[in-house]
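Visitor:
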Amino acid sequence: MKSIREIYKIGKGPSSSHTMGPERAALLFRSQYPQADAFRVILYGSLSKTGVGHGTDRVLRQVLSPLPTEIIFSQENLPDSHPNTLDFYALKEGTEIGYLRVESIGGGDISIAGHPEVSGKDIYPENSFAEIADFCKWRYINRLSDYVLMNEGPEIFDFLMEVWQTMKQTIADGLAATGTLPGGLGVQRKAKYLYEQELTTEVPQVRECRLICAYAYAVAEQNADNGTIVTAPTCGACGVLPAVLKYVQDTRKLTDQEICRGLATAGIIGSLTKRNASISGAECGCQAEIGTACSMAAAALAELYGLNLDQVEYAAEMAMEHHLGLTCDPICGLVQIPCIERNAVAAMRAMNACNLSYFLCGTRNISYDMVCKAMKETGLNLSHLYKETSEGGLARMYARRTPNLGS
2 MKSIREIYKI
12 GKGPSSSHTM
22 GPERAALLFR
32 SQYPQADAFR
42 VILYGSLSKT
52 GVGHGTDRVL
62 RQVLSPLPTE
72 IIFSQENLPD
82 SHPNTLDFYA
92 LKEGTEIGYL
102 RVESIGGGDI
112 SIAGHPEVSG
122 KDIYPENSFA
132 EIADFCKWRY
142 INRLSDYVLM
152 NEGPEIFDFL
162 MEVWQTMKQT
172 IADGLAATGT
182 LPGGLGVQRK
192 AKYLYEQELT
202 TEVPQVRECR
212 LICAYAYAVA
222 EQNADNGTIV
232 TAPTCGACGV
242 LPAVLKYVQD
252 TRKLTDQEIC
262 RGLATAGIIG
272 SLTKRNASIS
282 GAECGCQAEI
292 GTACSMAAAA
302 LAELYGLNLD
312 QVEYAAEMAM
322 EHHLGLTCDP
332 ICGLVQIPCI
342 ERNAVAAMRA
352 MNACNLSYFL
362 CGTRNISYDM
372 VCKAMKETGL
382 NLSHLYKETS
392 EGGLARMYAR
402 RTPNLGS
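Position in the sequence shown counted from 1, then plus 1, gives you the numbering used here.
(1) Determine, using beta carbons only, whether S146 and A265 come nearer to each other than 8 Å.
(2) Whole angstroms is fine: what's the gap from G394's alpha carbon to M151's?
(3) Go to I133, then tell me how far its alpha helix (DSSP H) extends in each direction, as first and last residue.
(4) When the Cα of I72 is compared with those of A91, L44, S82, K388, which residue comes out closest?
(5) To which residues of the same chain is P404 closer than 8 Å at the C-beta, ignoring the five residues directly before and after it?
(6) Express the C-alpha separation of D110 and R62 in angstroms, rounding to a whole number.
(7) In angstroms, rounded to a whole number, what distance separates the CA positions of L302 and T171?
(8) Could you tell me the alpha carbon to alpha carbon distance between V60 and R365, rounded to whole angstroms?
(9) With a CB to CB cut of under 8 Å and the five nearest residues on each side skipped, what residues in its chain are close to T411?
(10) Just to confirm before moving on: does the CB-CB distance between V149 and I142 stay below 8 Å?
(11) Rounded to whole angstroms, what's the CA-CA distance from R253 to Q312? Just pull it up for me.
(12) Pairing CB atoms from the region 78-94 with CB atoms from the region 268-280, are three or more of them under 8 Å?
(13) Between the Cα of L48 and those of F30, S17, R31, spot the shortest distance and give me the residue it belongs to.
(14) Helix, strand or coil for P404? Go by DSSP, reduced to three states.
(15) Are A219 and L161 touching if we call contact CB-CB under 8 Å?
(16) Can T70 be considered in contact with the ligand HEM, in the sense that its beta carbon sits closer than 7 Å to one or more heavy atoms?
(17) So, is T8 buried or exposed, given that buried needs 16 or more other C-beta atoms within 10 angstroms?
(18) Assuming contact is defined by CB atoms lying nearer than 8 Å, are C236 and P15 in contact in what I supplied?
(19) Is G286 closer than 8 Å to L383 when the C-beta atoms are compared?
(20) According to DSSP, is S47 part of a helix, a strand, or is it coil?
(21) Could you round the C-beta distance between A225 and A192 to whole angstroms and report it? I think they count as a contact, below 8 Å.
(22) Excluding the five sequence neighbours on either side, which residues of its own chain have a C-beta within less than 7 Å of the C-beta of V372, listed in chain order?
(23) Just to confirm, are D330 and S391 a CB contact at a threshold of 8 Å?
(24) Any idea what DSSP makes of S82, helix, strand or coil?
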């Protein structure tokens, strides 16, 4: 299994698979053909259908500028390729001098046939939660964060500290911002409004919901506005984990170092899901993005609350189980509706999953490995209309009602 560094990437929104991945691919391709005087890029699948809303064409032209770049939104179906596939062509005086096919597989990662180096090397010998749990119990390791430390070394916590500082800054920036998000939907920023709505009669449960949701909105709104965020595991789901970590740090007076242990545990859950299922909305729907983010957040909370490995697993499993079948149907291809609100709802669900795992762990029947397999199977069987194409669900209903916006 890969390093948890592959789960957390600091970068600009709004989409890890539609902007971060293509940006990385374009930088690589351009470096291979410095003699080119023009480029052509063909986008397929979800990249073609929602590339404009996600800014795929914009980021490609930025990376390949000042050379002229032709972007083609192909309707061709590539049944044997990932839904997020790009073909790059390098041109010299009108003649093709180079070609590369790249798959943007989610979370800002890319895959290129014959180029295993772009995927990173394996760090962890174990590739399932069952294997990790057996190893930890055999070695008397009680915390997943200690398992991370053993495999990645102490420097991983320097990396996680940078991740956490970035997450906190994103929350602060989002809470301070007002106005309308770009893209034409007229979506108003709500994080600041939520954060400031404290009532004199507010009960603790309502305050918890308001603050966690405000933090999740803040990050998701920054992402939608092309701000700096951390994938956790993707841009579209980047608000769930920092929201619950910020809340629990403030209410329990945890240090940044302690929060990094939560990030370590969350990273293991994200890495397992990425390896054994998917974190790509274009491949498996939003269950792969928000569902994974919710599992990561629930596991992180369980770690920070001092729960045992079985309870950590149950929290992560429960969080994913109740996102199975969640569709990815962004209106107009923008990471705004339902994406922003969905981050807030998933953050609250993570809190609930963690709390239930404390009481009910001994009664569970489903393992995290099982729910991962179920998520992948469900996602692969979902219609393409509900996998980041903006051709079904809310995206289709909204387009019918306001045809001038389209999708």
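By construction, the Cβ of each residue, glycine as well, lies at the ideal position given by its N, Cα and C atoms.
Guide: To lay it out plainly:
(1) The residue given as residue 146 occupies position 145 in the sequence shown. The residue given as residue 265 occupies position 264 in the sequence shown. In contact: S146 and A265 (Cβ atoms closer than 8 Å).
(2) As a position in the sequence shown, residue 394 is number 393, starting the count at 1. As a position in the sequence shown, residue 151 is number 150, starting the count at 1. Each residue's Cα considered, the two are about 45 Å apart.
(3) Residue 133 sits at position 132 when you count from the first residue of the sequence shown. First-last of the alpha helix (DSSP H) with I133: 130-139.
(4) Translated into the one-based positions of the sequence shown, residue 72 becomes position 71. The residue among A91, L44, S82, K388 with its C-alpha nearest the C-alpha of I72 is L44.
(5) Looking up residue 404 in the sequence shown gives position 403. For P404, the predicted structure reports a pLDDT of 42, less than 50, and the residue's modelled location is therefore unreliable. A value from the coordinates is still provided. Excluding positions up to five away in sequence, the list is empty.
(6) For the purposes of this step, residue 62 is identified with residue 61 of the sequence shown, where counting begins at 1. For the purposes of this step, residue 110 is identified with residue 109 of the sequence shown, where counting begins at 1. For R62 and D110, the distance between alpha carbons rounds to 19 Å.
(7) On the sequence shown, position 301 is the one that residue 302 refers to. On the sequence shown, position 170 is the one that residue 171 refers to. Cα to Cα, L302 sits roughly 20 Å from T171.
(8) The residue labelled residue 60 in the question sits at position 59 within the sequence shown. The residue labelled residue 365 in the question sits at position 364 within the sequence shown. Using only the alpha carbons, I get a separation of about 45 Å.
(9) A query on residue 411 cannot be resolved here, the shown segment of the chain reaching from 2 to 408 and no further.
(10) What you label residue 149 is simply residue 148 of the sequence shown in a count that begins at 1. What you label residue 142 is simply residue 141 of the sequence shown in a count that begins at 1. For the pair V149 and I142, the CB atoms are not nearer than the 8 Å cut-off.
(11) Stepping through the sequence shown from its first residue, residue 253 is reached at position 252. Stepping through the sequence shown from its first residue, residue 312 is reached at position 311. If I take the Cα positions, the gap works out to 20 Å.
(12) no
(13) To locate residue 48, count along the sequence shown from 1; it is residue 47. It is S17.
(14) Mapped onto the sequence shown, residue 404 falls at position 403. Per-residue confidence for P404 stands at a pLDDT of 42, beneath the threshold of 50, marking its modelled position as unreliable; no derived number is given.
(15) By one-based count along the sequence shown, residue 219 stands at place 218. By one-based count along the sequence shown, residue 161 stands at place 160. Their beta carbons are not under 8 Å apart, which means A219 does not touch L161 by this criterion.
(16) For the structure depicted, the ligand HEM is absent and the ligand set is empty, with no information on it obtainable.
(17) Your numbering for residue 8 matches position 7 in the sequence shown. A small correction: the amino acid at residue 8 is Ile; Thr does not occupy that position in the sequence shown. Burial call: buried.
(18) The count along the sequence shown starts at 1 and reaches residue 236 at position 235. The count along the sequence shown starts at 1 and reaches residue 15 at position 14. Yes; because the gap between Cβ atoms is below 8 Å, this pair is in contact.
(19) Position 382 of the sequence shown, counted from the first residue, corresponds to residue 383. Position 285 of the sequence shown, counted from the first residue, corresponds to residue 286. Cβ distance < 8 Å, so L383 and G286 count as in contact.
(20) For the purposes of this step, residue 47 is taken as the residue at position 46 of the sequence shown. Looking at S47 - three-state DSSP - the assignment turns out to be helix.
(21) Position 224 of the sequence shown, counting from 1, holds the residue named residue 225. Position 191 of the sequence shown, counting from 1, holds the residue named residue 192. Between A192 and A225 the Cβ distance is about 11 Å, and since that is not below 8 Å, they are no contact.
(22) Stepping through the sequence shown from its first residue, residue 372 is reached at position 371. Counting only Cβ-Cβ distances below 7 Å, and skipping sequence neighbours, we find E318, M321, E322.
(23) Taking the sequence shown and counting its residues from 1, one reaches residue 330 at position 329. Taking the sequence shown and counting its residues from 1, one reaches residue 391 at position 390. Inclusion of D330 and S391 in the CB contact set at 8 Å is warranted, their separation being smaller than that value.
(24) Position 81 of the sequence shown, counted from the start, is the residue given in the question as residue 82. If DSSP states are grouped into helix, strand and coil, S82 belongs with coil.
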